[in-house]
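Protein chains in written order, with the numbering used here: chain A, 1 to 378; chain B, 379 to 756; chain C, 757 to 1134; chain D, 1135 to 1512.
4 protein chains.
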Amino acid sequence: MYKPNENLRKVNIEDVPFKNIYGRVGKVTSPLPLLFNGSGVEVTVTGQELWIDVETDSDFHEMWVAYELNGSIMGRFMLLPGEHSICLFRNMTFDAPKTVKFYRELQAMSEDEYVKLLVKGFKLDGEFKEVPSHKYKIEFIGDSITSGEGTYGAYEDTDWLAMYMGFSRNYANMTSKALDADYHIISQGGWGVYCGWDNDIRHNIPSVYEKVCGLSTGEAARELGMMDEYDFESWQPDAIVVNLGTNDDTAFFQPPFTVPETGITYFQRLNEDGSFFEEDLMNVEKAVIDFLIMLRKHNKTAHIVWCYGMLGYRLTLPITEAINAYKLSTGDKNIGFINLPNTTKDGYGSHMHPGEVSHRIASEVLIGYLKEKLEGNQ
Amino acid sequence: MYKPNENLRKVNIEDVPFKNIYGRVGKVTSPLPLLFNGSGVEVTVTGQELWIDVETDSDFHEMWVAYELNGSIMGRFMLLPGEHSICLFRNMTFDAPKTVKFYRELQAMSEDEYVKLLVKGFKLDGEFKEVPSHKYKIEFIGDSITSGEGTYGAYEDTDWLAMYMGFSRNYANMTSKALDADYHIISQGGWGVYCGWDNDIRHNIPSVYEKVCGLSTGEAARELGMMDEYDFESWQPDAIVVNLGTNDDTAFFQPPFTVPETGITYFQRLNEDGSFFEEDLMNVEKAVIDFLIMLRKHNKTAHIVWCYGMLGYRLTLPITEAINAYKLSTGDKNIGFINLPNTTKDGYGSHMHPGEVSHRIASEVLIGYLKEKLEGNQ
Amino acid sequence: MYKPNENLRKVNIEDVPFKNIYGRVGKVTSPLPLLFNGSGVEVTVTGQELWIDVETDSDFHEMWVAYELNGSIMGRFMLLPGEHSICLFRNMTFDAPKTVKFYRELQAMSEDEYVKLLVKGFKLDGEFKEVPSHKYKIEFIGDSITSGEGTYGAYEDTDWLAMYMGFSRNYANMTSKALDADYHIISQGGWGVYCGWDNDIRHNIPSVYEKVCGLSTGEAARELGMMDEYDFESWQPDAIVVNLGTNDDTAFFQPPFTVPETGITYFQRLNEDGSFFEEDLMNVEKAVIDFLIMLRKHNKTAHIVWCYGMLGYRLTLPITEAINAYKLSTGDKNIGFINLPNTTKDGYGSHMHPGEVSHRIASEVLIGYLKEKLEGNQ
Amino acid sequence: MYKPNENLRKVNIEDVPFKNIYGRVGKVTSPLPLLFNGSGVEVTVTGQELWIDVETDSDFHEMWVAYELNGSIMGRFMLLPGEHSICLFRNMTFDAPKTVKFYRELQAMSEDEYVKLLVKGFKLDGEFKEVPSHKYKIEFIGDSITSGEGTYGAYEDTDWLAMYMGFSRNYANMTSKALDADYHIISQGGWGVYCGWDNDIRHNIPSVYEKVCGLSTGEAARELGMMDEYDFESWQPDAIVVNLGTNDDTAFFQPPFTVPETGITYFQRLNEDGSFFEEDLMNVEKAVIDFLIMLRKHNKTAHIVWCYGMLGYRLTLPITEAINAYKLSTGDKNIGFINLPNTTKDGYGSHMHPGEVSHRIASEVLIGYLKEKLEGNQ
């Protein structure tokens, strides 16, 4: 008969002596908010049993989480609003150290002001040990691709739902693992560097980059300090991977969008021959340049690489034009561009987004690129 | 703010008008016990939201479950003893039919008399629709390989724990999907056709095959009818895949085992040159023959194929000798043998068992074999 | 005992009623010079037996050829100077049509003024039939990668030799096959768009592009009309793939080069921090622009895509800068850029060049890109 | 202008101080007859240039050969009857040792009494060096699969021709390379262990196994000593791979065959239900047993493994029954059986035979099996 483990003791998150925290944090770290997909906490423990205590809230888009034991995924599930005490393993050999990483699958939700995931602490019957540290730090900035949208779900599934997103099968996860890297992720489905897929000018990543988690806008978010200026000094990456442009491209093929607050209408136009209207393209290019300036301002030494192509190549040349202009005007040479291979027929997951196969192919190209940069060979 | 869906209505499992049940069932079907790994229930529903209500119990080996949405895995998690109401999806397009399959990852646990998983019903805001039926029926009978042991977990993980087992990444799942087959699974880690890996004569699959779920021995199991004779007429497979022999092989390399109840010691011996002691090998061969007779008694028309090799080939010839003897003595020709490829270095999962890669390779061979048999080409 | 086929009749190349010719041709087409790697002749014949009559000459770099039967490679071999009558198949079913393609593996050799391969005719006992035509026309322009250098030979082989080059395992071959395309190839190992790998300013592809085969400089070449202006109207491609830049990159890391004829020294310099010296980089960018202008002048409707990356990404941004400048100044929008994945450890062939594996990976990316362009989807 | 290398000197095969010879040889070794597919000669030389001098003859089935340079295939071509002096490489770095292996692609041709391939010597400008030796010795015995039939040619090609056969893409080659093994091959398309695919009783491999090359029957063969008893002591393998049974299976589905010399008709029959007629199956089983006895007689210590399955599994159980009977009656335990995976849709080459992909899959299974046996782990 099941008997609760009487040797479990509760340790609040602030009292955990050793832990790796993945993803940005703000002023509130206890309980620890996991703000982005991939945001997580990792501990190495002895003992037979480990639990994690979390609190979640949400509205339309419920929270999804996953965890890995010794680097291998063990569980993935939905958490509805409330307090959850989750058993991560039981009955393991007491003395052997186990490394467990618990992380958020769901992206920061700009459309759900209630959504949150707070880690309050652990329950264990062993001891915390030093957690292995990583060789590199990488920041990933992107849209639905970087949010792992479509990495779960069947090809036929076309709803826009939390459960289809994930970090567990995402190229950012694959890349970080292959390079032994700590990472931050800032991404939002449907957003661009200049505007969202639907011409909504407000949905641009640069506008939220300098906040701790500017994507979260509700009252709760404010209390957790997500609207605060992010302290970039606290975590300086070796490389920044920007995977944006896909939605800026889509916007050209969508109707105009009027921002409700201002009544101003935005519209990225096509020429009659189907090519991009040059002046509107300049909007995107200017946004790229401005974003690079912003990135460099806060990340003095990181190599910045703009990745693009997993859902079409149309903006390759405009993006590189902007990068070149940025290089020329600033003299900054520590920046690059690389195409990631477009998703082909067998590579799709759900919702017409890259599936695990496509993320695997893309990560192999990116790993090759970053390996040379980080090891200083090229 | 999260508001519970007020349109959800509860439907007890016996009132669900359309459902696929995977795995054996006994006299009690409401609540519906999911007895083996892979045992599950599948429904097709309209509506925005679907919940499943289950009850679990266990002692050492906690329950693990998973579910698929439209054929793609969505969640996998541990369930500790108690009642659980689990949300499977939310906010999907109301009218679109969705097929959801909820199943047990954990094998029937002969060592945990409390372990159980009962499906009590669903909560939904839509309607049940007819569930697509399958083309074939396949029964898989095996040991830890068929219990998917090692398909989760890191290579370094060597504990013997519930969480490492699974159906989701198991060759039986892959094979059934590829052939569009309904399936039954009867498997138990450490057991053989003649004896267990440690010479424990009681741990042989034939001894439990004729009960509904003879692996479960506690009081609760008795109440659920697991000790009852199984009604083979209720589900006649097109093919039976027997994947046994791996533990019978291991026993030869282990010390003797004394059955506590009887005080009798059992010992499969090696010759001095390291080969199997012929007389003891006969035990295995006789067990194979007897088991085939038992299988045929209950499954008159199924093609029976004995699979072997994923963890070593040493018993290939003894097993085929037994199969040939069975064929000769009975005249039964509807039987075959096939090697599944041995697990190589990169194919291991945890606990020195075949990982997902090895299961994939094995399933491709098995699929090829069964396709010809089931389509009547060979 | 072998008896020569008495029904063979000789047909001079100019009398072959149906044939596909791959690769550029000049004024002399009988005998038919195969000038570049991939240059070849394809016929569809009935009959039991087929021979091809060729004449070759060479100095240091001997000729290598290969042939395919019904799209599958059958033979590959060296041809030393002289007349060769080569049996391509024997004893096939008489009436069945067979398509045979005989082609040059060796690139046009700018360093061997004697090298040549002339097809004089065929011997057959059947009839020539219409040869299946292709859906698209693609021109590939490149360096050693496009010459297939390293696609044959062991990883340890580091000599610079004819036998390591090839079309048979080259991405241009894979891409053309996948897209059902006729192709032209103009490529030369060690050459760039601005200069060769060793700063030799003369080794730039644009300088030879407008001649039939400007890479061949000897007396024989002149007689065959290789120095003549190429008649671009005779073959207008749907797409032009330019895979240049790898040697322009290498030049920055090499010592200066003095052109013997002029005594002028050329030197692409690095800054002290290891970055490219801007002024010298401008040489490359200007060469890219000028070459694009040249390409467009002769190919009014072709989509031009610059491919780059199989041996490093360092010139990605300079090349795109040039392409963007070209677009801006000319208004030409029918042009693109794409990275091909860098060769990783397991992808190398001989001589530190991409092997078959790397060509396969690159071709998959290129095929995806071209498919969308050629089918007009993007 | 091409100038013949004046430093070349001719060395007769018997004067080559170091060489690896692959495949059986008889009393005549100078010139060296290459009797089977895979039969070849390997030398390690310094110098810039290497030629091989061979003499060939044939009737219907012309000779095909291939060669590898430093382990990587470089050329493959047809040789019509006559003397051939073939340049294998030119202009390599003089001092570097190069290992070149020249081998026969075409199986021993029982249906072409003229076919032969004799190596007379080499021409080189360097020196012969010691050739690296191999770790193991493996004998492969088989039918068209082991003759590599279908490993060249398009899926649509269905003629039975020399050019479709090969050793270069054959599982025996892949297996030997992976295990660092010297090898012998005795194989013949259409032959079985009991009878040929068409019930021709004369076409069984055991009948020719004890001759040097009993498959070659002409006058020339006799002179070369191919009909002599083979000296098994001269080369004792560590493992024998028998891949036979596929044609014995096919015979059951073919009409009777009358041997012209005797007028006796042979016919492997099916029962009305489509199963094998037991008495006729016994012919096959007896042939298996007898062949195993023959193999063991000549190879006292080799591990013998019977492989089966690449073109169907129907004889798996009869073959294992015979092996088990052999084991029982002889006490020989150094023998095994393993299924090789059946060829699936994408795995076919030409002539409905396994293509390179299928040979690759099969070799991986076989390599895994042999590695354990040869390294003594199982």
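In this text, a Cβ means the ideal position worked out from N, Cα and C, and glycines have one as well.
Contact with chain A by residue i, beta-carbon distance below 8 Å
{"i": "Thr1002/C", "result": "no"}
{"i": "Met452/B", "result": "yes"}
{"i": "Thr907/C", "result": "no"}
{"i": "Asn469/B", "result": "yes"}
{"i": "Glu1028/C", "result": "no"}
{"i": "Gly1073/C", "result": "In the sequence as presented, Gly is not what sits at residue 1073/C; that position holds Leu. Closer than 8 Å: yes."}
Contact with chain D by residue i, beta-carbon distance below 8 Å
{"i": "Asn717/B", "result": "yes"}
{"i": "Asn720/B", "result": "yes"}
{"i": "Tyr747/B", "result": "yes"}
{"i": "Ala910/C", "result": "yes"}
{"i": "Gly827/C", "result": "yes"}
C-alpha gap between residue i and residue j, whole angstroms
{"i": "Thr1136/C", "j": "Ile996/C", "result": "With chain C represented from 757 up to 1134, any question about residue 1136/C goes unanswered, as that position is not in the structure."}
{"i": "Phe1013/C", "j": "Asp1004/C", "result": "13 Å"}
{"i": "Gln1134/C", "j": "Glu229/A", "result": "At Gln1134/C the pLDDT is 46, less than 50, meaning the model places this residue with poor confidence; the figure from the coordinates comes in the next sentence. Those two C-alpha atoms are separated by around 40 Å."}
{"i": "Met688/B", "j": "Ile1339/D", "result": "32 Å"}
{"i": "Met1197/D", "j": "Lys1271/D", "result": "26 Å"}
{"i": "Val875/C", "j": "Thr812/C", "result": "9 Å"}
{"i": "Ile564/B", "j": "Ser110/A", "result": "47 Å"}
{"i": "Glu1506/D", "j": "Ile1453/D", "result": "22 Å"}
{"i": "Asp994/C", "j": "Ile1091/C", "result": "12 Å"}
{"i": "Glu656/B", "j": "Phe715/B", "result": "22 Å"}
{"i": "Ser144/A", "j": "Trp197/A", "result": "11 Å"}
Same chain only: Cβ atoms within 7 Å of residue i, ignoring 5 sequence neighbours per side
{"i": "Thr784/B", "result": "For residue 784/B there is no data in the structure shown, the boundaries of chain B being 379 and 756."}
{"i": "Gln485/B", "result": "Phe414, Asn415, Ser525, Met543, Ser565, Gln566, Gly567"}
Opening and closing residue of the beta strand (DSSP E) in which residue i lies
{"i": "Thr931/C", "result": "Unbroken run through Thr931/C is the alpha helix (DSSP H), 927-935; no beta strand (DSSP E)."}
{"i": "Ile1275/D", "result": "1270-1276"}
{"i": "Ser828/C", "result": "828-835"}
Spatial neighbours of residue i in its chain, beta-carbon cut-off 6 Å, leaving aside the 5 residues before and after
{"i": "Asp1414/D", "result": "Gln1402, Arg1403"}
{"i": "Leu1071/C", "result": "Gly1001, Asp1005"}
{"i": "Gln426/B", "result": "Asn469, Met470, Phe472, Asp503"}
{"i": "Asn776/C", "result": "Glu798, Val887"}
{"i": "Gly214/A", "result": "Val208"}
N- and C-terminal bounds of the alpha helix (DSSP H) containing residue i
{"i": "Gly1124/C", "result": "1112-1130"}
{"i": "Met660/B", "result": "656-676"}
{"i": "Ser1463/D", "result": "1450-1464"}
Beta carbon proximity, residue i to chain B, threshold 8 Å
{"i": "Tyr183/A", "result": "no"}
Min CB distance residue i to chain C below 8 Å
{"i": "Leu1258/D", "result": "no"}
{"i": "Asn1297/D", "result": "It should be pointed out that residue 1297/D corresponds to Met in this sequence rather than to Asn. True, the Cβ-Cβ gap to chain C drops below 8 Å."}
Does the region 1257-1277 of chain D come close enough to the region 822-833 of chain C that 3 or more CB-CB pairs lie under 8 Å?
no
Within the chosen definition, does the region 765-780 of chain C reach the region 789-805 of chain C through at least 3 CB pairs nearer than 8 Å?
yes
With three or more C-beta pairs closer than 8 Å as the rule, is the region 117-131 of chain A touching the region 288-308 of chain A?
Between the region 288-308 of chain A and the region 117-131 of chain A there are fewer than three inter-stretch CB-CB distances shorter than 8 Å, so the stretches are not counted as touching.
Taking 8 Å as the threshold, find out whether the region 948-962 of chain C comes into contact with the region 1136-1154 of chain D through three or more Cβ pairs.
no
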